[in-house]
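Residue 297 is where the sequence shown starts when you use my numbering, and the numbers rise one by one after that.
The beta-carbon is built from N, C-alpha and C at its ideal position, and this holds for glycine as well.
Below is one structure, written out as structure tokens; the observations come after it.
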Amino acid sequence: NLGVGENGARILKEETVKELLAKSTRPKGLGGYSLGLSAPEEDSDEAWFGHGGAWGTNCMVNWHRKELKLWAVQLCGSPRPWDKARAAAEDKFFKTVIDNSGADAYTGRVK
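Take a look at the structure:
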């Protein structure tokens, strides 16, 4: 959508989004990076875009699935015991079906 939100409001300039998503000139196999952000080498429904951050913090977005992963961790050095379990936790979280049937009753009462 090049920077336009679901409600039609522009969030980022179109040229800003294009710069963020531009393919890297790095050799294949070294990962795609654009402006310091991790970008997929090839776009797909399974592609994640974001930044690893420092000391374990990680924020990734999958714009096809409208999902965001944010790990707010601050640990300098090793070991990082969560690394092995993180993928399993992400998989379980995103496969969980959330029952939001009562949300309209709450949010719809304020006009």
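Cα-Cα separation between residue i and residue j, rounded to whole angstroms
i, j, result
"residue 390", "residue 355", "15 Å"
"residue 341", "residue 393", "19 Å"
"residue 301", "residue 307", "6 Å"
"residue 357", "residue 344", "5 Å"
"residue 371", "residue 310", "36 Å"
"residue 315", "residue 338", "16 Å"
"residue 359", "residue 303", "15 Å"
DSSP state of residue i mapped onto helix, strand, coil
i, result
"residue 380", "helix"
"residue 393", "coil"
"residue 316", "helix"
"residue 409", "Because the chain spans 297 through 407 in this model, residue 409 falls outside it and cannot be assessed."
"residue 407", "In this predicted model, residue 407 has a pLDDT of only 47, less than 50, meaning its place in the structure is not dependable; the value taken from the coordinates is given anyway. Coil at residue 407, not helix or strand."
Cut-off 8 Å between Cβ atoms - residues of its own chain near residue i, not counting five sequence neighbours on either side
i, result
"residue 312", "299"
Contact check, residue i vs residue j, beta carbons under 7 Å
i, j, result
"residue 369", "residue 352", "yes"
"residue 386", "residue 365", "yes"
Buried versus exposed call for residue i [16 or more other C-beta atoms within 10 Å across all chains shown]
i, result
"residue 335", "buried"
"residue 378", "exposed"
Check: residue i C-beta below 6 Å from any heavy atom of the ligand FAD
i, result
"residue 394", "By its list of ligands, the structure shown contains no ligand whatsoever, and the ligand FAD lies outside what it can speak to."
Cβ neighbours of residue i in the same chain (closer than 6 Å, five flanking residues each side left out)
i, result
"residue 414", "The structure shown does not extend to residue 414, since the chain spans only 297 to 407, so no value can be given for it."
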